[in-house]
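Worksheet for the structure shown next.
Residue numbers (the working numbering), protein chains in the order written: chain A, 11 to 263; chain B, -4 to 230.
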């Protein structure tokens, strides 16, 4: 995997004239979302600054993925406010990208999957091969995307997300089903994206991964943020009983 | 009237000799049914795609209607087209009755609902898989439809084939609006019906053999294409 010329993926200002207005800091207040009759997010408040990588952690059913989808605009909350520094929800979504746990690849070649995203965003294809090279898939450009291994498929999904040159990159348990080598490859790409100034917000159950890539941890419990602390203090000194139980492998209800 | 064995031999001889009348009928049949299939796809695929990705009040009722229209009786369609194209009908001034164009119109009306209903199912399943990714990209409705149609292209070939099969095999609509006129609107199915009633089983059987061969050939070609696409994981 090689370094990348990020200039090729700058936002097209003819499409988003206010594209460089900052989306961050993010301010979430009183977010409520019911799912299957239960209130999963229950008055959640959250503030995120403009830099770094945030890991959202919590037990199964804590609402991590739902929170991510609310932030990205894929789900409308029942109540509450999500304020991307005053940007409209549509404008905010256009400047974000998301990588899902199970990569959704189009029934096309690897290169055509990237071409589709570039065309949808009105960008030229000239940086495509550099991006494929960056994620180590240039040699598979003509292969059917759905024949890729799990790790390769997730790298393609990440490349597709990066092709939109997002301000915010959401990762929803993007390495949950990958082996250690594939996980490491994704983490390297995520760290690189972070270093290039892309704000990363990821959901993970992998404490090791959170330690490796996250600057701060948002711990969800009871439909709210029960703890939001720097990663270097969250793991040795969790502030809440729920976080201590979670990190010690006890069932958190 | 010939016995079956004699008729079968004569039929094979007719096909082998390249009988001009026989191939004129086959050519017109293909022209009418392929044209109707193309038109039905142009109408039915966008409708199927739009219904597949849309949520609106009454959608369930529309799905019931679309599925019901798949079973449109050909003679009823033929009668409707006849009434519209007859001299006293609203479209009588076009002078299309008893022409291949009228037959194409009738077959298009007959198979467009089949294409729409079957493609809706195919595209709805695909959309369920792609929906979050597409929303994440903020795709427009038009971009979504065109992406779904392209990615489902091999499955939609089967849908088009179902429409073509229905068109090329139907007799009720084309005989009403075409009139089965020799050298003008006679197609395979109407010729088979006529020759059978006259007792000329050889020509009827020859046409039947060609019809079966076409059906088998088209199916084999589409199946081969789909298998190739499956190997590429494009299905």
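For every residue, glycine included, the Cβ atom is placed at its ideal position computed from N, Cα and C.
| Asked | Found |
| --- | --- |
| In terms of residue numbering, what span does the alpha helix (DSSP H) encompassing residue 245 of chain A cover? | That residue, residue 245 of chain A, is in no alpha helix (DSSP H); it is neither H nor E in DSSP. |
| With a Cβ-Cβ cutoff of 9 Å, do residue 182 of chain B and residue 42 of chain B count as a contact? | no |
| Identify the contact partners of residue 82 of chain A in chain B, using a Cβ-Cβ distance below 7 Å as the criterion. | 131 |
| CA-CA distance, residue 102 of chain A and residue 224 of chain A? | 23 Å |
| Using 9 Å as the limit for Cβ to Cβ distance, is residue 3 of chain A near chain B? | Outside the modelled stretch of chain A, which goes from 11 to 263, sits residue 3 of chain A, for which no answer is possible. |
| With DSSP as the reference, please indicate the residues paired to residue 128 of chain B in a beta bridge. | Answer by DSSP bridge pairing: none, since residue 128 of chain B is not bridged. |
| Would you say residue 147 of chain A touches the ligand SAM, meaning its beta carbon is less than 8 Å from a heavy atom? | As for the ligand SAM, it is missing from this structure, which has no ligand bound. |
| Could you check where the alpha helix (DSSP H) with residue 99 of chain A kicks off and where it finishes? | 99 to 104 |
| Would you kindly report the start and end of the unbroken beta strand (DSSP E) that includes residue 38 of chain A? | 36 to 45 |
| Would residue 128 of chain B pass as an interface residue toward chain A - the criterion being a Cβ-Cβ separation below 9 Å? | yes |
| Residues in the same chain with beta-carbon distance under 6 Å from residue 352 of chain A, minus the five sequence neighbours each way, listed in chain order, please. | In this structure chain A extends from 11 to 263, so residue 352 of chain A is not present and cannot be described. |
| Please name the residue, chosen from B/5, B/128, B/170, that lies closest to residue 95 of chain B on a Cα-to-Cα basis. | B/170 |
| Pick from A/64, A/81, A/58, A/61: whose alpha carbon is nearest that of residue 51 of chain A? | A/81 |
| Helix, strand or coil for residue 52 of chain A, going by three-state DSSP, please let me know. | strand |
| Let me make sure I understand the geometry here. Which of B/121, B/60, B/100, B/0 has the alpha-carbon closest to that of residue 26 of chain B? | B/100 |
| Along chain B, in chain order, which residues have C-beta atoms closer than 7 Å to that of residue 32 of chain A? | Ordered by position in chain B, no residue passes the 7 Å Cβ test against residue 32 of chain A, which lies about 19 Å from the chain. |
| Considering only the alpha carbon of each residue, which of A/156, A/136, A/168 lies closest to residue 224 of chain B? | A/156 |
| Taking the alpha-carbon of residue 234 of chain A as reference, which of A/34, A/62, A/71 has the nearest alpha-carbon? | A/71 |
| Identify the residues that DSSP records as bridge partners of residue 119 of chain A: which are they? | A/154 |
| Please state the DSSP three-state secondary structure of residue 107 of chain A. | strand |
| Within a Cβ cutoff of 6 Å, which residues of the same chain sit near residue 211 of chain A, ignoring the five residues on either side of it in sequence? | 64, 180 |
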